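**Student:** I'd like to ask you about the structure that follows.
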Amino acid sequence: MTDDKKNQKHKASMEKQKANVDARIEEASTQRGVAILLTGNGKGKSSSCFGMVMRALGYGHKIGVIQFIKGQQLSGEEIYLKEQCPQVDFYQMGTGFTWNTQDRSGDIAAAEETWQRAERMLQDDSIRLVILDELTYMIAYKYLDEERILNALKNRPVEQSVVVSGRGGGSALQEIMDTVSEVKEIKHAFKAGIKAREGVDF
Numbered sequence: 623m624t625d626d627k628k629n630q631k632h633k634a635s636m637e638k639q640k641a642n643v644d645a646r647i648e649e650a651s652t653q654r655g656v657a658i659l660l661t662g663n664g665k666g667k668s669s670s671c672f673g674m675v676m677r678a679l680g681y682g683h684k685i686g687v688i689q690f691i692k693g694q695q696l697s698g699e700e701i702y703l704k705e706q707c708p709q710v711d712f713y714q715m716g717t718g719f720t721w722n723t724q725d726r727s728g729d730i731a732a733a734e735e736t737w738q739r740a741e742r743m744l745q746d747d748s749i750r751l752v753i754l755d756e757l758t759y760m761i762a763y764k765y766l767d768e769e770r771i772l773n774a775l776k777n778r779p780v781e782q783s784v785v786v787s788g789r790g791g792g793s794a795l796q797e798i799m800d801t802v803s804e805v806k807e808i809k810h811a812f813k814a815g816i817k818a819r820e821g822v823d824f
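Read in order, the letters of the sequence shown correspond to residues 623 to 824 in our numbering.
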């Protein structure tokens, strides 16, 4: 096939693709906040959440970030958001990983206090984006009532978007979300004995 024919074939293919994309955009007429679940066993769920935080900051939006599970070791996102971004309400449960605390009652109490903060964010129509990082574990470990979480997510302000991250979360959570993406692990540096890297992993 000559280069000219290749170019013509490519142009025809791209025209068809553009027409399909334009038609889908035209069909999407609903304007409201979205609910996103980032799940799976791969690395990058929290990183994706903070990518959306940066995107929302670009538009000057007010943002709420709650981190469950994490909290004992400082992270780059915590340092930056607390020091540089007053429009981000950032809160960590602060207990660290459950296998470190080994205190179910203490973890449940911390989860309850943290969830109360999350509920207030999910009722505040001035907050355009709420990140609930690692919330799925609170459901899986039965630290928080699943129905209470689902109701808060479903009844948030119309223009507010929410992103939930963490492995699993259950079918009921997936059912109410608008977008569900699974991050799949293929390889992980830690399994090869490589230490977590500042600025990349935390």
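Ideal Cβ placement from N, Cα and C applies to all residues, glycine included. All values derive from a computational prediction rather than experimental measurement.
(1) Hey, how far is the Cα of residue 858 from the Cα of residue 775?
(2) Are the CB atoms of residue 689 and residue 824 nearer to each other than 8 Å?
(3) Classify residue 624: buried if its beta carbon has 16 or more other beta carbons within 10 angstroms, exposed otherwise.
(4) Go through the stretch 655-736 residue by residue and report every complete run of the beta strand (DSSP E) that reaches 3 residues or more, in order.
(5) When you compare the CB positions of residue 804 and residue 661, do they come within less than 8 Å of one another, or not?
(6) Buried or exposed: where does residue 813 fall if 16 or more other Cβ atoms within 10 Å of its Cβ makes it buried?
(7) For the candidate residues 817, 746, 772 and 685, whose alpha-carbon lies nearest to that of residue 793?
(8) Would you identify the three-state DSSP class for residue 748, choosing helix, strand or coil?
(9) Since residue 755 sits in a beta bridge, which residues does DSSP pair it with?
(10) Hey, how far is the Cα of residue 668 from the Cα of residue 746?
(11) Here's a check: name, in chain order, each residue in its chain whose Cβ is nearer than 6 Å to the Cβ of residue 753, leaving out the five neighbours to either side.
(12) Would you kindly work out how many angstroms separate the C-alpha atoms of residue 729 and residue 644, rounded to a whole number?
(13) Quick one: using the 10 Å Cβ neighbour count with 16 as the cut-off for buried, is residue 780 buried or exposed?
(14) With DSSP run on the structure shown, which of helix, strand or coil describes residue 786?
(15) Quick one: give me the first and last residue of the beta strand (DSSP E) that residue 803 is part of.
(16) Roughly how far, in whole angstroms, is the beta-carbon of residue 709 from the beta-carbon of residue 700, given that I think they are within contact range, below 8 Å?
(17) Report the three-state DSSP secondary structure of residue 623 (helix, strand or coil).
(18) What whole-angstrom Cβ distance do residue 759 and residue 691 have, given they're in contact under 8 Å?
(19) Rounded to the nearest angstrom, what separates residue 682 and residue 674 at their Cα positions?
**Tutor:** So, from the listed chains and residues:
(1) With the chain represented from 623 up to 824, any question about residue 858 goes unanswered, as that position is not in the structure.
(2) no
(3) exposed
(4) 657-661, 685-689 and 710-714
(5) yes
(6) exposed
(7) 772
(8) coil
(9) 689
(10) 23 Å
(11) 671, 687 and 785
(12) 49 Å
(13) exposed
(14) strand
(15) 801-804
(16) Not really, about 16 Å apart at Cβ, beyond 8 Å.
(17) coil
(18) 6 Å
(19) 12 Å
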